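Heads up: the structure comes next, in structure tokens.
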């Protein structure tokens, strides 16, 4: 049986792991290669690296990091952050990344989803969406790391992207991210029930119950979290054991 | 021992190279027919799209080379699918080593996702490729197309239906999952292949 995936996310800036709280107040959470190896050893099912470096050197720094990670770990990993062109994708895949994640660049130029899917396969194209629920109850797409609001509804953009060839959706709720109060169950379930691709839920995971809820009520295929793993608030083996006891299929 | 990884336009070549390095094997990545022919073991990896990959192989006559190989050959993921007869992915004629057909997963229920992405179990293991592995070992899969079950099936997985998660015919082996990304179980499978 296909298992639900637990995915630690490493936000990378200048080659180091950082984590924003509500996309602000970045704190240093360690060396990404060390963390990646630790998580792989503990039973993480996959890893995501999101590069938030703003400098022009970013591409080189990132591909070097990807290369180091790829040498060290024996589970799959996704890399995102600033990917715009086929060449960007090609460099990352050549350095050992398994999938790439695109966000703002895909929103601004949706045709890249199609060309990436055609050239590299849908299965390596992850569309990341930063989503925020407004007072009117609708979920809107935000860009540039959550700084720029759009008028696009999350469910509309997700559907368009999947139609263009996105193979997976990484949905981050900005309302929940950093709060440790639980994942955004409703929008996650809505996407999962209406789209034919896997949904990775992100933002708000603070305890074991939250992960159980996102797999049952939220119908997520995978759950992603960062700081609770980085700061050892939840150990992956304990989390998986808890999920297993609650009849969620997980890999040991 | 001389191990080569066939170089072509499919994404996970480096991943396979690094997986070999982690178990202490230095492989050569090459599209040189002489080197491929002379190798003790050949790995034919692949992440990507079938028609693009086949076109690339044909342009370089690697298609004819692969089918003529006599040493153990391991196709991985798209590599395995390309070793089959035909793929529904953009209606692609493939290498025809295995006569199994590659079809698209067509779930009857939207809650079942395509591509299958993640860790699933491998069962009905019947090859020295799986020596030392337990039934129901976990392997990492990422694929929207699958090879049907046929006479060359040496492992099965269930997702929507039972399908071939590994195939073997003579010196040709293929695995649908990614041993290079399947933690300890994957490392064992790679080691087993290198010991054939």
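Protein chains in written order, with this note's numbering: chain G, 27 to 278; chain X, 55 to 250. Built from N, CA and C at the ideal position, the CB exists for glycine as well. Because the structure is a prediction, the values reported are computed rather than measured.
Other residues of its chain near residue i: CB distance less than 7 angstroms, five sequence neighbours each side excluded
i	result
residue 160/G	166
residue 175/G	166 and 168
residue 84/X	58, 61 and 90
residue 114/X	85
residue 151/X	121, 137, 223 and 226
residue 265/G	32, 234 and 237
residue 179/G	164, 165 and 166
residue 121/G	89, 92, 93 and 96
Cβ neighbour criterion (16 or more within 10 Å) applied to residue i
i	result
residue 199/X	buried
residue 165/X	exposed
residue 158/X	exposed
residue 257/G	exposed
residue 160/X	exposed
residue 124/X	exposed
residue 77/X	exposed
residue 224/G	buried
residue 100/X	buried
residue 163/G	exposed
residue 9/X	Summary: the structure shown does not reach residue 9/X, with chain X confined to residues 55 through 250, and so no result is reported for it.
residue 215/X	exposed
residue 198/G	buried
residue 184/G	buried
residue 228/G	buried
residue 80/X	exposed
residue 238/X	exposed
Residues near residue i in its chain [Cβ-Cβ closer than 6 angstroms; skip 5 each side]
i	result
residue 87/G	41
residue 171/X	196
residue 55/X	94
residue 192/G	139, 151 and 153
residue 50/G	Low confidence applies here, because residue 50/G scores a pLDDT of 39, under 50, leaving its location unreliable; read the following figure in that light. None.
residue 260/G	254
residue 194/G	152, 223 and 224
residue 204/X	154
residue 226/G	196, 248 and 250
Sequence-distant residues of the same chain with beta carbon closer than 8 angstroms to residue i, five excluded per side
i	result
residue 38/G	44, 58, 75, 76, 77, 78, 79, 88, 91 and 107
residue 28/G	275
residue 230/X	131, 134, 135, 195, 197, 200, 201, 211, 217, 218, 219 and 220
residue 239/G	208, 209 and 211
residue 92/X	56
residue 73/X	233, 234, 235, 240, 241 and 244
residue 48/G	Since pLDDT at residue 48/G reaches only 37, below the 50 mark, its modelled position is unreliable, and the value read off the structure follows with that caveat. 200, 203, 204 and 205.
Minimum C-alpha distance to residue i - residue among the options
i	options	result
residue 66/G	84/G, 56/G, 98/G and 213/G	98/G
residue 103/X	229/X, 136/X, 244/X and 67/X	136/X
residue 88/X	147/X, 116/X, 195/X and 67/X	116/X
residue 206/X	196/X, 180/X and 130/X	180/X
residue 75/X	172/G, 100/G, 259/G and 190/G	100/G
residue 240/X	218/X, 154/X, 217/X and 175/X	175/X
residue 154/X	163/X, 140/X, 110/X and 98/X	140/X
residue 245/G	184/G, 218/G, 192/G and 144/G	218/G
residue 128/X	110/X, 67/X and 215/X	67/X
residue 202/G	173/G, 179/G, 189/G and 157/G	157/G
residue 112/G	150/G, 251/G and 95/G	150/G
residue 68/G	255/G, 271/G, 170/G and 56/G	255/G
residue 62/G	194/G, 84/G, 85/G and 35/G	35/G
residue 171/G	133/G, 261/G and 102/G	133/G
residue 183/X	244/X, 111/X, 144/X and 238/X	244/X
residue 162/X	118/X, 189/X, 213/X and 193/X	213/X
residue 251/X	70/X, 105/X and 82/X	With chain X running from 55 to 250 in the structure shown, residue 251/X is simply not present.
residue 186/X	177/X, 71/X and 246/X	246/X
Heavy atom of the ligand COA within 7 angstroms of residue i beta-carbon
i	result
residue 130/G	Ligands displayed in this structure: none; no statement on the ligand COA is therefore possible.
Could you name the residues of the segment 66-80 of chain X whose beta carbon sits closer than 9 angstroms to any beta carbon of chain G, in the order they occur along the chain? 66, 67, 68, 69, 71, 72, 73, 75 and 76
Closer than 7 angstroms, Cβ to any Cβ of chain X: which residues of the segment 133-155 of chain G, in chain order? Answer set for the segment 133-155 of chain G: 144, 145, 146, 147, 148, 149 and 150.
Using Cβ-Cβ distances below 9 angstroms, what residues of the segment 178-209 of chain X are close to chain G? Within the segment 178-209 of chain X, the qualifying residues are 192, 194, 195, 196, 197 and 198.
At which residue ranges does the segment 60-108 of chain G contain complete alpha helix (DSSP H) runs of 4 or more residues, listed in the order of the chain? 84-98
Suppose only complete runs of 3+ residues qualify. What are the beta strand (DSSP E) ranges in the segment 124-189 of chain X, listed by chain order? As summarised for the segment 124-189 of chain X, the continuous beta strand (DSSP E) elements at least 3 residues long and confined to that stretch are 127-130, 155-158 and 170-176, given in chain order.
Entirely enclosed beta strand (DSSP E) segments - the segment 215-263 of chain G, minimum 3 residues: 225-228 and 248-251
Beta carbons nearer than 7 angstroms to chain G: which residues of the segment 149-171 of chain X have them? 164, 165, 167, 168, 169, 170 and 171
Going along the segment 201-224 of chain G in order, which residues come within less than 8 angstroms of chain X, judged by CB to CB distance? 218, 219, 220, 221, 222, 223 and 224
Would you mind listing the alpha helix (DSSP H) stretches within the segment 67-112 of chain X that are 4+ residues and don't spill past its ends, in chain order? List check, alpha helix (DSSP H) in window: 67-76 and 87-92.
Could you run through the segment 222-246 of chain X and flag, in chain order, every residue whose CB is less than 9 angstroms away from some CB of chain G? Within the segment 222-246 of chain X, the residues whose Cβ lies closer than 9 angstroms to some Cβ of chain G are 232, 234, 235, 236, 237, 238, 240 and 241, listed in chain order.
Listed from N- to C-terminal order along the chain, which residues in the segment 89-119 of chain G have their beta-carbon within a distance smaller than 7 angstroms of any beta-carbon of chain X? Per Cβ criterion, the list reads 96, 97, 100, 101, 102 and 119.
Members of the segment 226-238 of chain G that neighbour chain X once the beta carbon cut-off is set at 9 angstroms: Those would be none; no residue qualifies.
Contiguous beta strand (DSSP E) assignments of at least 3 residues, all confined to the segment 130-196 of chain G: 151-159, 165-169 and 174-179
So within the segment 198-240 of chain X, which uninterrupted beta strand (DSSP E) runs reach at least 3 residues, ignoring any that extend past its ends? 199-201, 207-213, 215-223 and 226-229
Looking at chain X, which residues of the segment 172-191 of chain G have a Cβ within less than 9 angstroms of any of its Cβ atoms? none
Looking at chain X, which residues of the segment 119-131 of chain G have a Cβ within less than 7 angstroms of any of its Cβ atoms? 119, 120, 121, 122 and 124
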